[in-house]
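Colleague: Residue 147 in numbering that gives the first Met the number 0 is what sits at position 148 of the sequence shown, and the numbering runs on without skipping anything. A virtual CB, placed ideally from N, CA and C, is assigned to each residue, including glycine.
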Amino acid sequence: MGRIAVFASGAGSNFDAIERAIANGTLEAELVLVVCDRPSAEVIKKAEHAGIDVFQFAPKSYPDKQAFEKDIVQQLEQRHVDLVVLAGYMRLIGSTLLESYEGKIINIHPSLLPAFPGKDAIGQAIDAGVKVSGVTVHYVDEGMDTGPIIAQEAIVIQDTDSYDEVKKRIQSVEHTLYPQVISHVLKGALST
Ligand code: GAR
0 MGRIAVFASG AGSNFDAIER AIANGTLEAE LVLVVCDRPS AEVIKKAEHA GIDVFQFAPK
60 SYPDKQAFEK DIVQQLEQRH VDLVVLAGYM RLIGSTLLES YEGKIINIHP SLLPAFPGKD
120 AIGQAIDAGV KVSGVTVHYV DEGMDTGPII AQEAIVIQDT DSYDEVKKRI QSVEHTLYPQ
180 VISHVLKGAL ST
């Protein structure tokens, strides 16, 4: 069974969706670690409550990105992680992690990339007045929300939609799409 680590910085609704999919058997995987760069993030409590190991760290207490990524790699290697799943981890992945887990890091982003990379993709899409946006899952490279696209799903934005309505629709897509894509990627990754 594939062993995954979820990296998150915030509320952890995607973490919840992944955990649910594992619990109900639609995602055959073992969630062995949550990595979090914000000690106050809600996802930490959720992971602890679920009995999942958490590696939380304060980036500012390290001299540089290489130093904290070395610690992260050690945590991942100790648990024989097959796939790193970024779920709202709001930090660029550096060369230390990329070199150790080449082709084994995926990310979810709330827009149809390459449109609206970076922070607040939902707000960017609303401000731009687009009528269609969506969700992208992609492999991670050194760029900001770049890297080969694995899957995308669109949603329609109505002129009358509030920010919260669009966010709800986007997150509902994310929570179904991400576990499916993780399952697909793990099958490919594990069959090699
Ligand atoms: C998700 O919508 C995810 O797509 C986004 O952060 C949110 C995290 O929500 N990620 C990015 O914007 C990455 N650039 P969650 O903590 O409730 O899963």
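Does DSSP classify Val-172 as helix, strand or coil?
Modeller: Here residue 172 refers to the residue found at position 173 when the sequence shown is read from its first residue. In this structure, Val-172 counts as helix in the three-state DSSP scheme.
Colleague: Is the Cβ-Cβ distance between Val-72 and Ala-4 less than 8 Å?
Modeller: To locate residue 72, count along the sequence shown from 1; it is residue 73. To locate residue 4, count along the sequence shown from 1; it is residue 5. No, the pair does not count as a contact, with Cβ atoms beyond the cut-off.
Colleague: Give the C-beta separation of Ile-107 and Val-134 to the nearest angstrom, bearing in mind that I take them to be a contact with Cβ-Cβ under 8 Å.
Modeller: Taking the sequence shown and counting its residues from 1, the one referred to as residue 107 is at position 108. Taking the sequence shown and counting its residues from 1, the one referred to as residue 134 is at position 135. Indeed they touch by this definition, with Cβ atoms about 7 Å apart.
Colleague: Does Asp-126 pass the burial test, meaning 16 or more other C-beta atoms within 10 Å, or should it be called exposed?
Modeller: Start at 1 with the first residue of the sequence shown, and residue 126 comes out as number 127. Only exposed fits Asp-126, as fewer than 16 other CB atoms lie within 10 angstroms of its CB.
Colleague: Using 8 Å as the Cβ pair cut-off and three pairs as the minimum, do the segment 108 to 115 and the segment 43 to 60 touch?
Modeller: They do not touch, by the three-pair rule.
Colleague: What are the boundary residues of the beta strand (DSSP E) that Val-53 is part of?
Modeller: In the sequence shown, residue 53 corresponds to position 54, counting from 1. Taken as a continuous stretch (DSSP letters only), the beta strand (DSSP E) holding Val-53 covers 53 to 55.
Colleague: For a minimum of 3 consecutive residues, which ranges assigned as the beta strand (DSSP E) are wholly contained in the segment 105 to 148?
Modeller: 131 to 138
Colleague: Beta carbon of Ile-169, beta carbon of Ile-121: below 8 Å?
Modeller: Taking the sequence shown and counting its residues from 1, the one referred to as residue 169 is at position 170. Taking the sequence shown and counting its residues from 1, the one referred to as residue 121 is at position 122. Taking 8 Å as the Cβ cut-off, Ile-169 and Ile-121 qualify as a contacting pair.
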